[in-house]
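Going down the list, the sequences are from chains A and B. Sequential numbering of the first sequence, starting at 1, is according to full-length UniProt numbering. Sequential numbering of the second sequence, starting at 1, is according to full-length UniProt numbering. All C-beta atoms, glycine included, are put in the ideal place defined by N, C-alpha and C.
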Amino acid sequence: MDIIMLHPSHIPHVQTCNITNLPENYFAKYYLYHALTWPQLSYVAIDLSKPPRSKNDPPKIVGYVLAKMEEEPVDGIPHGHITSLSVMRTHRRLGLAEKLMRQSQKAMVETFGAKYVSLHVRVSNKAALRLYKDTLQFEVEKVESKYYADGEDAFSMKQDLNFIWEQVKLDDESLRKDEKTKTEGDGTADHDEGDPVGDEGQEDNKKKKEVMRKVKIGRALGVSDLVEKVETPKAAS
Amino acid sequence: MPSAQPLASKEASLFRNVLKFYETKQYKKGLKSAEQILKKYPKHGETLAMKGLLINCQGKTEDAFLIAKEALKQDMKSHVCWHVYGLLYRSQKNFDEAIKAYKMALRFEPDSQQILRDLALLQIQMRDYNGYIESRRLMVMSKPQIRQNWTGLAIAYHLAGNLTEAENVLTKYEETLKQPPPRSDLENSEAILYKNYIIAEAGDYQKALDHLEVIAKTAIDKVAILEARADYQLKLEKNKEAEKSYRVLLDRNQEKRAYYAGLEKSLGLEGEARVKIYEELAEQYPRADAPKRIPLDFLEGDAFKTAAQKYLDWRLKRAAPSTFTSLKALYGDVAKRECLQSLVEAFLSEKRAEKPAENGDDLTNGSSPNNSVLIYTLYYLSQHHDHWRIRDTDKALSYINEALELAPDNADQGELRLGLARILKHAGNVRKAMEEMDNARQKDKSDRYYNTKCSKYMLRNDCNEEAIKTMGLFTRQNDVNGPLGDLLEMQCVWYITEDGESYVRQGKFGLALKRFHAIYKIFEDWTDDQFDFHSFSLRKGMIRSYIEMVRWEDSLWSHPFFRRAAINSIKLYLLLNDKPHLAHGSLANGTGDDAVDFESLSTADRKKAMKKAKREAQKQEKAAAEAAAKAKDERKGGEEKKQDDDPFGAKLAQTSEPLEKALTWLKPLLEFSPNFLEGQTAGFDIYMKRKKYLLALKCLLAAHSLAPEDPVVHEQIARFQLFLNSKPELSPTVQTIIDETFTIAPKEGTLSQFNEAYLSSHGEKNAKAVFSVIKARQALAASEGSKSDAEGTDSESLLFEILKKNETSLKEAMEGLGMLKDMKGDVGRYTEEARSRWPVANVFEAKA
Numbered sequence: 001m002d003i004i005m006l007h008p009s010h011i012p013h014v015q016t017c018n019i020t021n022l023p024e025n026y027f028a029k030y031y032l033y034h035a036l037t038w039p040q041l042s043y044v045a046i047d048l049s050k051p052p053r054s055k056n057d058p059p060k061i062v063g064y065v066l067a068k069m070e071e072e073p074v075d076g077i078p079h080g081h082i083t084s085l086s087v088m089r090t091h092r093r094l095g096l097a098e099k100l101m102r103q104s105q106k107a108m109v110e111t112f113g114a115k116y117v118s119l120h121v122r123v124s125n126k127a128a129l130r131l132y133k134d135t136l137q138f139e140v141e142k143v144e145s146k147y148y149a150d151g152e153d154a155f156s157m158k159q160d161l162n163f164i165w166e167q168v169k170l171d172d173e174s175l176r177k178d179e180k181t182k183t184e185g186d187g188t189a190d191h192d193e194g195d196p197v198g199d200e201g202q203e204d205n206k207k208k209k210e211v212m213r214k215v216k217i218g219r220a221l222g223v224s225d226l227v228e229k230v231e232t233p234k235a236a237s
Numbered sequence: 001m002p003s004a005q006p007l008a009s010k011e012a013s014l015f016r017n018v019l020k021f022y023e024t025k026q027y028k029k030g031l032k033s034a035e036q037i038l039k040k041y042p043k044h045g046e047t048l049a050m051k052g053l054l055i056n057c058q059g060k061t062e063d064a065f066l067i068a069k070e071a072l073k074q075d076m077k078s079h080v081c082w083h084v085y086g087l088l089y090r091s092q093k094n095f096d097e098a099i100k101a102y103k104m105a106l107r108f109e110p111d112s113q114q115i116l117r118d119l120a121l122l123q124i125q126m127r128d129y130n131g132y133i134e135s136r137r138l139m140v141m142s143k144p145q146i147r148q149n150w151t152g153l154a155i156a157y158h159l160a161g162n163l164t165e166a167e168n169v170l171t172k173y174e175e176t177l178k179q180p181p182p183r184s185d186l187e188n189s190e191a192i193l194y195k196n197y198i199i200a201e202a203g204d205y206q207k208a209l210d211h212l213e214v215i216a217k218t219a220i221d222k223v224a225i226l227e228a229r230a231d232y233q234l235k236l237e238k239n240k241e242a243e244k245s246y247r248v249l250l251d252r253n254q255e256k257r258a259y260y261a262g263l264e265k266s267l268g269l270e271g272e273a274r275v276k277i278y279e280e281l282a283e284q285y286p287r288a289d290a291p292k293r294i295p296l297d298f299l300e301g302d303a304f305k306t307a308a309q310k311y312l313d314w315r316l317k318r319a320a321p322s323t324f325t326s327l328k329a330l331y332g333d334v335a336k337r338e339c340l341q342s343l344v345e346a347f348l349s350e351k352r353a354e355k356p357a358e359n360g361d362d363l364t365n366g367s368s369p370n371n372s373v374l375i376y377t378l379y380y381l382s383q384h385h386d387h388w389r390i391r392d393t394d395k396a397l398s399y400i401n402e403a404l405e406l407a408p409d410n411a412d413q414g415e416l417r418l419g420l421a422r423i424l425k426h427a428g429n430v431r432k433a434m435e436e437m438d439n440a441r442q443k444d445k446s447d448r449y450y451n452t453k454c455s456k457y458m459l460r461n462d463c464n465e466e467a468i469k470t471m472g473l474f475t476r477q478n479d480v481n482g483p484l485g486d487l488l489e490m491q492c493v494w495y496i497t498e499d500g501e502s503y504v505r506q507g508k509f510g511l512a513l514k515r516f517h518a519i520y521k522i523f524e525d526w527t528d529d530q531f532d533f534h535s536f537s538l539r540k541g542m543i544r545s546y547i548e549m550v551r552w553e554d555s556l557w558s559h560p561f562f563r564r565a566a567i568n569s570i571k572l573y574l575l576l577n578d579k580p581h582l583a584h585g586s587l588a589n590g591t592g593d594d595a596v597d598f599e600s601l602s603t604a605d606r607k608k609a610m611k612k613a614k615r616e617a618q619k620q621e622k623a624a625a626e627a628a629a630k631a632k633d634e635r636k637g638g639e640e641k642k643q644d645d646d647p648f649g650a651k652l653a654q655t656s657e658p659l660e661k662a663l664t665w666l667k668p669l670l671e672f673s674p675n676f677l678e679g680q681t682a683g684f685d686i687y688m689k690r691k692k693y694l695l696a697l698k699c700l701l702a703a704h705s706l707a708p709e710d711p712v713v714h715e716q717i718a719r720f721q722l723f724l725n726s727k728p729e730l731s732p733t734v735q736t737i738i739d740e741t742f743t744i745a746p747k748e749g750t751l752s753q754f755n756e757a758y759l760s761s762h763g764e765k766n767a768k769a770v771f772s773v774i775k776a777r778q779a780l781a782a783s784e785g786s787k788s789d790a791e792g793t794d795s796e797s798l799l800f801e802i803l804k805k806n807e808t809s810l811k812e813a814m815e816g817l818g819m820l821k822d823m824k825g826d827v828g829r830y831t832e833e834a835r836s837r838w839p840v841a842n843v844f845e846a847k848a
């Protein structure tokens with residue numbers, strides 16, 4: 001399994017992976033919106049078990065994380081948000097969800113200066129809860145009543161990204177020692193170039209599953225309409 | 001330019017209101033104001049134009065065009081009238097006409113940024129690069145202080161292939177900056193990376209690397225910097241630096257094959273010598289899969305065995321159901337798959353010998369850890385024996401059943417039932433496979449994966465109603481068109497395709513076409529989706545991703561999802577071309593034995609049957625329309641959706657021009673997937689029927705160069721030669737071209753000898769070759785006006801012979817059965833023999 005950044009050509013298969021695993025689905029344009037606004041934040045896991053029929057054929061996707069930055073954070077703090085994450089049942093217990101998530105989180109910090117990352121998960125989704133709480137160390141912040149289209153509540157969860165800031169700083173220091181090129185840095189940010197150390201090892205997660213976010217949008221809408229704030233609540237059934 | 005038709009001040013202010021209402025999407029109010037103006041100035045062109053635009057927004061397209069034309073008649077020199085005319089065409093996706101209209105509008109109002117912008121967007125959507133460059137240049141000239149305009153111009157040059165100019169434009173803007181933008185300027189960060197991307201694309205890696213080092217501090221996309229640096233260093237053979245760069249990348253992400261490949265190359269390692277670095281990395285990153293798994297690709301013999309054992313130990317001890325998936329890519333190598341089998345078998349006997357632990361860690365929910373290791377080792381072996389290169393159904397079943405007995409827990413039960421269902425599907429028992437998959441689903445009804453697979457297996461068993469009901473357990477509940485409506489809207493390609501293929505099997509060709517056309521529509525939508533990003537991405541500044549998106553869109557229609565629907569549709573249209581009566585549902589169930597044998601009916605009876613079929617279809621449609629209307633009434637305040645006037649696809653199937661319809665599917669195949677063999681052979685079939693012999697030959701030659709020995713290609717060569725033998729009346733030019741280019745024609749001997757020679761060289765073990773030879777024989781016999789009995793009998797025995805061969809797959813055996821039915825051969829004996837070879841299968845059972 002390869003873990004690589006989401007490319008537009010992956011989208012049809014990511015969409016298949018999503019609708020196979022999760023009840024919250026999106027049309028391709030919404031994935032494009034992510035890939036073209038925060039390209040650094042979304043990752044896919046690629047199935048290498050079957051060579052493609054021809055060399056330009058897109059690979060089969062067995063897992064993905066679709067992520068974004070909150071565009072207008074209510075608390076004024078820049079933070080990331082996981083729109084959707086899932087791994088095919090056939091590819092569980094490989095630690096893929098965690099690996100996907102770590103790549104995304106690192107980029108949230110490095111590229112967009114995120115302080116924390118948030119997500120929503122169905123209160124009934126025990127497997128996903130276990131993944132977020134135990135494996136990825138998210139914390140439940142609150143319960144959002146009737147968050148989902150079918151009336152189910154969501155846990156609103158978040159994880160502080162300070163541990164990644166620490167890594168990034170360490171990397172910068174180790175890299176600065178043998179840095180050769182000099183440019184006139186403007187010094188506006190406290191994290192410069194560098195290569196962070198690998199993700200800290202964690203217990204292999206046993207089950208990984210889904211999170212979701214409802215988005216009610218018409219495909220024909222313009223991209224700027226795709227932000228979640230314009231969504232109209234779906235009628236619960 | 002002032003309008004040729006000035007309005008009084010009251011009306012002028014009303015007109016401004018019209019524009020405002022249009023922009024704020026208050027169409028009704030806009031129309032009201034427009035009508036007010038028109039009362040006084042009934043021939044006011046610009047007001048008429050706006051009226052047209054407004055009613056178009058209300059869905060009255062035809063009227064809108066009439067009014068817009070009238071508007072132009074009244075005021076030919078108004079940019080408003082032309083702009084509106086262009087917008088109408090744009091809304092109809094007739095981009096060529098829209099571009100023409102915008103250009104006219106610009107002629108009368110050269111300074112309008114709005115029109116220029118609309119024009120530019122269409123030009124890039126249509127990939128009119130030169131036009132786009134020109135529009136973008138004008139935009140830079142009018143507002144040079146805006147960076148977006150410069151970046152837009154650079155994109156235009158870049159996409160047009162002029163990398164030098166693209167780079168120049170970006171540099172020119174940078175030179176206007178008095179001081180470098182801060183790091184927090186995301187637009188700048190991306191723009192400088194975009195420039196680096198262009199330099200590299202031009203192939204000057206030294207320059208790219210130098211530039212990269214300059215911008216590395218300011219650009220905040222760290223992965224992009226690190227990857228580009230490693231790549232350039234490697235290309236410049238700065239191996240030491242490249243090695244370091246790849247190690248940095250691997251430290252970030254140990255699951256990306258490209259990084260390992262870069263590291264290998266930078267170290268100059270090849271063959272088995274590479275294993276050392278993988279051992280090091282495996283130790284350094286104990287949780288990573290890739291450094292343990294990759295060496296299995298290149299190691300052989302004992303070295304492979306040692307590495308495989310380690311890998312299997314690591315994976316099997318974790319009781320991961322995906323171990324087999326991780327290894328099956330190796331199964332093309334006989335020695336490796338045999339080695340894996342014996343290793344797993346050894347592991348299994350070890351585990352069996354161990355006593356079950358009483359208080360182990362709770363690895364999986366419920367089952368004790370030892371048990372679950374045992375269970376998933378058995379699971380591996382069941383998958384191993386089910387692999388198509390091995391396909392020992394009995395063994396696969398016995399392993400999975402043993403695993404099932406050991407797994408009391410629901411989670412494991414679900415997983416294993418899924419495996420069992422897959423084995424049954426492969427063994428040809430689609431009914432039992434469906435039942436088992438439903439069992440898996442019952443184990444955890446909240447899991448959509450089970451639910452999805454269950455629906456898929458229902459479709460494979462042609463239970464379309466159950467399938468959509470099952471899908472409906474997870475679709476949005478309030479979609480007007482039910483679960484299918486949601487699946488269409490969410491572009492659930494797999495389901496729509498499988499549903500269509502199921503209808504093909506059942507002879508419900510209208511519904512099948514309906515589904516495949518939905519796939520076509522999805523690809524059209526995906527094409528349209530890029531439109532908004534032409535402006536959006538410039539605003540967001542993520543230019544490299546935008547370029548990737550444009551390039552992906554350029555090859556979108558080569559996607560395998562499209563190819564599959566296209567081949568299905570073409571086959572149907574070809575069939576409907578030959579047998580139009582199949583378009584009528586009740587006459588089309590020709591696959592079932594109870595169906596009306598339409599072709600053997602007398603003319604009068606055929607007419608009667610057709611009438612009856614039409615009546616039935618009408619009844620069905622009426623019922624559906626009533627049901628839809630009822631559903632609509634029951635919904636309150638739901639969004640209005642367009643009524644589908646052809647829910648069963650009857651109109652699609654009853655087309656009077658099936659070959660033209662087939663062409664609309666063929667063209668994208670030939671244009672975007674020229675190396676797709678089935679596309680070329682489909683092209684041959686269509687063009688032959690359309691009597692476009694040169695185009696048919698072109699496809700045949702392309703197919704031949706892709707796969708000279710392919711059975712279908714063989715058959716088509718024979719058919720083309722047969723056609724030439726019939727001395728058709730061809731124009732001298734066509735004849736000359738054929739003579740000169742049909743170099744793959746059978747060289748010597750008769751066509752029949754050519755065909756039989758292919759049989760002796762390919763027909764020994766290759767069922768498809770046998771089928772092609774038989775089809776060519778039939779075509780030959782038909783051309784001679786009689787069917788030679790001797791050959792007919794021989795063809796039949798060929799089908800029986802090939803049925804016995806190990807190489808023949810179940811699917812091929814089913815195709816053979818179909819051919820035998822057409823030949824009116826001994827179907828009973830064939831199915832009996834097939835059943836004894838595939839005892840689990842139900843597909844050879846006589847239909848009740």
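At the 8 Å Cβ level, is residue i part of the contact set with chain A, yes or no?
i: residue 515/B; result: no
i: residue 27/B; result: no
i: residue 555/B; result: yes
i: residue 434/B; result: no
i: residue 560/B; result: yes
Got a sec: is the Cβ-Cβ distance from residue i to anything in chain B below 8 Å?
i: residue 3/A; result: yes
i: residue 142/A; result: no
i: residue 169/A; result: no
In the DSSP assignment, the alpha helix (DSSP H) including residue i goes from what residue to what residue?
i: residue 155/A; result: First-last for residue 155/A: 154-160, but that is the beta strand (DSSP E), not the alpha helix (DSSP H).
i: residue 131/B; result: 129-142
i: residue 762/B; result: 751-762
i: residue 45/B; result: 45-57
Under a three-way DSSP split, which group does residue i fall into?
i: residue 69/A; result: strand
i: residue 33/A; result: helix
i: residue 218/B; result: coil
i: residue 542/B; result: coil
i: residue 3/A; result: strand
Excluding five sequence neighbours on each side, which residues of the same chain lie with their C-beta closer than 8 Å to the C-beta of residue i?
i: residue 666/B; result: 566, 570, 679, 682, 683 and 686
Between residue i and the rest of its own chain, which residues show a CB-CB distance below 7 Å, the 5 nearest in sequence each way excluded?
i: residue 864/B; result: Here chain B has residues from 1 to 848 only, and residue 864/B is not among them.
i: residue 419/B; result: 379, 382, 383 and 400
i: residue 63/B; result: 55
Output, in sequence order along the chain, the residues in the region 75-91 of chain A whose CB is closer than 8 Å to any CB in chain D.
Judged by its chain identifiers, the structure shown contains no chain D, and its protein chains are A and B.
Please list the residues of the region 11-28 of chain A that have a C-beta atom closer than 8 Å to any C-beta atom in chain B, keeping them in chain order.
Within the region 11-28 of chain A, contact with chain B at the beta-carbon level (separation under 8 Å) is assigned to 12, 15, 16, 19, 20, 21, 22, 23, 25, 26, 27 and 28.
Please identify, using Cβ separations under 8 Å, the residues of the region 729-750 of chain B that lie next to chain A, in order along the chain.
Against chain A - using a Cβ distance shorter than 8 Å - the region 729-750 of chain B contributes no residues.
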